[in-house]
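Trainee:
Given below as C-alpha cells:
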C-alpha cells in the first residue's frame, strides 16, 4: 500500500497565486489570514496521511456490521474519528458562535480534498454533518441551534441526510414518509434507504435531517417538509434521554466505499419517531437547495480526492515496476514510468487533477463571495457547480481506471489496492444528483434560462486570458493560449446552439447535455491551467517560489492543452450534431 | 511550572543520502524535521503543563530556517519559542552547543524561573547524547536521563519522581527541582496539533536571539572556536568478507542445537579436534 502524500505544494500555489483566498477570507469574521490557512492545511495533511489514509483499506476489507439495531464501524475508525474532532477539523467552516473556526468555504474545500484522498468512506461522515450544520444554521430556531448545533459543529454528534425512499430516488417528490403533528412537534412514520452513516458507533448521537410529508400536504415536491430527528432524544438540559423510535434495519452491500455504513432506516415502528420541523411546513425542498451547492461542490472534491490518491498509487508502482526495454533509452532495467504510454497516462492524469483542483477552489471562492452578496459571484458559482460535481467525479473514475491500467494484472487483483479506488470512485457520479442530472441542470437552468449570459461573461474572460497567453514569450504559453482560444470558440458555438434550440427541441439539447458539460469542464479546466501557467511564469520571472514546481506547472498546462483541450471541437460537434437522432431514437432498436 | 524544551532541527534521516565519494551527508533537498527523540520530551513537558499549569518554552540553536521547527513545536502545543541564531554558533560541537543553550536558558530563567529542562535523549544526526547532560552540568541541575515516565511532581516540596530505564532494570529516582530530563523514545504517543494550534503557531512570533541577545559574553566558547572536537576521518566501513553460516537444528531440542553447533564448528576448523586432544594431553 502506497503512503498518501498530501499535494500541499499545489494547494499552496493555487491558494496563493491563482484563486483569491484573501478575498474569500474577507467574507468571514474568522480573523484568519492566508498564511494561517496554509499552516492549517499542513497540519490537516499530517492527520490525513498519518491517521486516516492507513484506515482506508481496513474499512474496505472489514466493513461495518449491524448487530441488534446498532452499527459498528471498522476497526480503528472510532479512534481516528476522535482524533479528527479533537483537532477541531470538523468545525473548520462551522459558525464561530457555535464553536466553529468560521474559515471560508475555499479553506474547508482544500481540507476536504485531503480527507477525501485519505479515505472517501471515512470523510463522508463529516461531509454530511457539514450539510446538517448549514441547514440548522440557516433555518433552525434558536432552541434547535442550542440543542444540536454546538455538538454537530464540534463533531461530538454527526449528521445525516434522509431523502431517498425505494420509490423516490432522483424524483424526491414521490416520497411517502409521513409526519403527524403532536403538541408542537411531529411523529414520523416511514422507511428511508441509502442513508450514509445513518447509524454508527463513533459518536453518542446521530442527528437526522429528514424529508417527510405532513398529513394533508399537497402532492409532489410542494408538499415536502424538512425535519430534524435525533437518534437519542435530547433532554432540556442537553443531556441524552431515551432512544427515539428510529433504527437501522439493514446495511447495504455495495460496490465501493465499504467503510461507510449505508443504512436502511425505519422510522415509527412504534409510537412514531419524535421530530422537529425546520422552518415552515412544505418548504423542505427549498431549504435543501440552500445547501445543495456546497454539497455538490464537496462531492466534486471527492472526485478530485480519489483521483489524486489513485494517481499517487499508480505513479509509485510505475516507478518501481521494471518490464521490457524502454524504446529510445540505452539503460537496462528502467521502470515502466519511462515507457511513453505510461508517461502519457500519468501526465494526463496529473494535468487533469490539477485543473479540477483549481476549478473546485475557484468555485468555492465564488461561493464565499456570493455569501456576502456579490451577485456576479453567485451567478458564476451556480454555473460552475454542476461542472465541478460531474466533471470531477467522472475524472475520479477515469483516473482510478487509469491507475489499474498502469498496474496491469496487478491492478486487477485486490491485493495492490488500486482496485479499491476504482470501486470507491464509482459512487460519486451517482449520488448528490447523478451526473446526467447535473448536465440537465447546466443546460436548462444555468445556460438556456438566461440566454447564455453567464456563460458569455465567462467566455469573455477566457478569451481575454487566451490572448494574454498567446502574447507571452517562449513556446509553452502561446501554445496553451491558442488551444484555449480554440476551445472557447467551440464552447461559444455550442452555447449558442443550446440557447437557440432549447425551446424548440429540448430533447435534442438534453441528449447532448452530458457532452456539453464535458465540453464546459474541458474548457474551464484549460482556463484554470492557463491562469496557473501564467502565474507560474510570473514567479519564475521574479525568481520567487520553487522554480521546479513552477516549471512543472507550465509543462502540465501544456500537456493539458495538447491532450485534453484539443477535444473541445469534437465535444462541441457531439452537442450540436449528435442530439437530434438520439432525441427521436426508437427505444425498440436498443 | 516553567519548562524549557530544547529541540534540534535535523535532516529527515528517512530521506537522507550519503555522497558515495566524499561520505558526507547530502543535505540539499532533504526535508527537515524536529529530531524525533525531542518530540517525546516535548510531549512529556506538555503533559506536565496540562496537569500542573504553567508554560512550555521551546528553545533551539540553528540557522534562521530552524524557526520552522519551532513553529511546528508551537503547533503541537508549546507556548513560546526562542531561536538562537548567529554566525558565531556555526560549527559548534556538543560542548559549545551546551554552553550556548545553557546560557540562553539562564537568560530565559531571568524572566521566569525555570523548573525543568527537557532534552531529547540524543539526536539522529549526531547521536552523541551529550548536549542534555552538558546543559545540566553547566546549570548545576540534577540530570535524569533515559526516563521512561515522569511519575509524580510534588510542587510544594519541589521534587519529581521518575522511572529511569537502566541496564538490568528500572530505577525509580527522586530529584529536586530544577532538573534536566531526557525522555526515552516510545515513552508516550506524541500528540497531534489541532487546527486552533496550527492557526496560533502560524501567527506566533518566534523570538530570535543573537549570541549577544542570549547573554553570551565569551564568544570563544561558541562555534568552531569553542569546539575541541575534531573529525579526523569519515568513512563507510567495508563490508566484511566472512559469511554467516546457517545451522539447522530442531528449535525445541536444546541438546540437538548444541550438537549441531559443535559439529559445525569442528567441520569449519579441521585442526580443532587435534588441538583439543593435544591440549588435554598436556
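Chains as they are written, first to last, in my numbering: chain V, 869 to 1458; chain E, 13 to 294. Where is the CB? At the ideal position from N, CA and C, for every residue including glycine.
(1) Roughly how far, in whole angstroms, is the beta-carbon of residue 1366/V from the beta-carbon of residue 1377/V, given that I think they are within contact range, below 8 Å?
(2) Cα-Cα, which of 35/E, 43/E, 271/E and 15/E is closest to residue 78/E?
(3) For the region 42–59 of chain E against the region 99–118 of chain E, do three or more pairs of beta-carbon atoms, one drawn from each stretch, fall closer than 8 Å, so that the two count as touching?
(4) Consider the Cβ of residue 207/E: report whether some Cβ of chain V lies at a distance smaller than 8 Å.
(5) Just the C-alpha distance for residue 250/E and residue 33/E, rounded to the nearest angstrom, thanks.
(6) If you check the beta carbons only, do residue 115/E and residue 94/E fall under 8 Å apart?
(7) For chain E, find out if any of its Cβ atoms is closer than 8 Å to the Cβ of residue 983/V; answer yes or no.
(8) Which one or two residues does DSSP pair with residue 154/E in a beta bridge?
(9) Among 292/E, 225/E and 212/E, which has the Cα closest to the Cα of residue 908/V?
(10) Does any C-beta atom of chain E lie closer than 8 Å to the C-beta of residue 876/V?
(11) Quick one: which residues of the region 900–916 of chain V get their C-beta closer than 9 Å to a C-beta of chain E? List them in chain order.
(12) Under DSSP, the alpha helix (DSSP H) around residue 1155/V begins and ends at which residues?
(13) Compare the C-beta of residue 93/E against all C-beta atoms of chain V and say whether one is closer than 8 Å.
(14) Are the region 1113–1132 of chain V and the region 1204–1220 of chain V touching by the rule of at least three beta carbon pairs closer than 8 Å?
(15) Would you report the Cα separation of residue 1016/V and residue 1023/V, rounded to the nearest angstrom?
(16) Scan the region 64–95 of chain E for residues whose Cβ lies nearer than 7 Å to a Cβ of chain V and list them as they occur along the chain.
(17) What is the C-beta distance between residue 1424/V and residue 1268/V, in whole angstroms, given that I count them as a contact (C-beta under 8 Å)?
(18) Less than 8 Å between the CB atoms is what I'm expecting for residue 72/E and residue 911/V, so what's the real figure, rounded?
(19) Please classify residue 1060/V: is it buried, with 16 or more other beta-carbons within 10 angstroms of its beta-carbon, or exposed?
(20) Would you grab the beta carbon distance between residue 159/E and residue 195/E for me? Rounded to a whole angstrom, and I think it's under 8 Å.
(21) Between which two residues does the beta strand (DSSP E) containing residue 14/E stretch?
(22) Quick one: grab the DSSP three-state call for residue 250/E.
(23) Is DSSP giving residue 178/E helix, strand or coil here?
(24) Along the region 953–979 of chain V, what residues have a CB closer than 9 Å to any CB found in chain E?
(25) I want to verify the contact list: residues of chain V whose CB lies under 8 Å from the CB of residue 211/E, in sequence order.
(26) Any idea what DSSP makes of residue 257/E, helix, strand or coil?
(27) Note down, in chain order, each residue of its chain lying with its Cβ closer than 8 Å to the Cβ of residue 1115/V, except the 5 sequence neighbours on either side.
(28) Under three-state DSSP, which class holds residue 1118/V?
(29) Who are the neighbours of residue 204/E on chain V, taking C-beta pairs under 9 Å?
(30) State the CB to CB distance for the pair residue 878/V and residue 1222/V, rounded to an integer number of angstroms; the pair is presumed to be in contact (CB under 8 Å).
(31) Is there a Cβ from chain V that is less than 8 Å from the Cβ of residue 176/E?
(32) For the beta strand (DSSP E) that residue 1096/V lies in, which residues bound it at each end?
(33) Taking the Cβ atom as the reference point for each residue, do residue 996/V and residue 1027/V lie within a distance shorter than 8 Å?
(34) Hey, does residue 215/E have any beta-carbon neighbour from chain V nearer than 8 Å?
(35) Quick one: residues in its chain with C-beta nearer than 7 Å to the C-beta of residue 1380/V, no 5 flanking neighbours on either side, listed in chain order?
Mentor: Checking against the coordinates, here is how it stands:
(1) 6 Å
(2) Among 35/E, 43/E, 271/E and 15/E, the Cα nearest to that of residue 78/E is on 43/E.
(3) no
(4) yes
(5) 14 Å
(6) no
(7) no
(8) Paired residues: 191/E.
(9) 212/E
(10) no
(11) 900, 901, 903, 904, 905, 906, 907, 908, 909, 910, 911, 912, 914 and 915
(12) Its alpha helix (DSSP H) spans residues 1152–1188.
(13) no
(14) no
(15) 11 Å
(16) Cβ contacts with chain V come from 87.
(17) So it is not a contact: roughly 19 Å between Cβ atoms.
(18) No, residue 72/E and residue 911/V are not in contact; Cβ-Cβ is about 20 Å, not under 8 Å.
(19) buried
(20) 5 Å
(21) Here the beta strand (DSSP E) through residue 14/E covers 14–18.
(22) coil
(23) Here residue 178/E sits in strand by DSSP.
(24) 954, 955, 956, 957, 959, 960, 969, 971 and 979
(25) 900, 904, 907, 908 and 969
(26) The DSSP-derived three-state label of residue 257/E is coil.
(27) Here the set comprises 937, 1067, 1133, 1134 and 1137.
(28) strand
(29) 911, 914, 915, 918, 919, 951, 954 and 955
(30) 6 Å
(31) no
(32) 1093–1098
(33) yes
(34) yes
(35) 1442, 1443, 1446 and 1447
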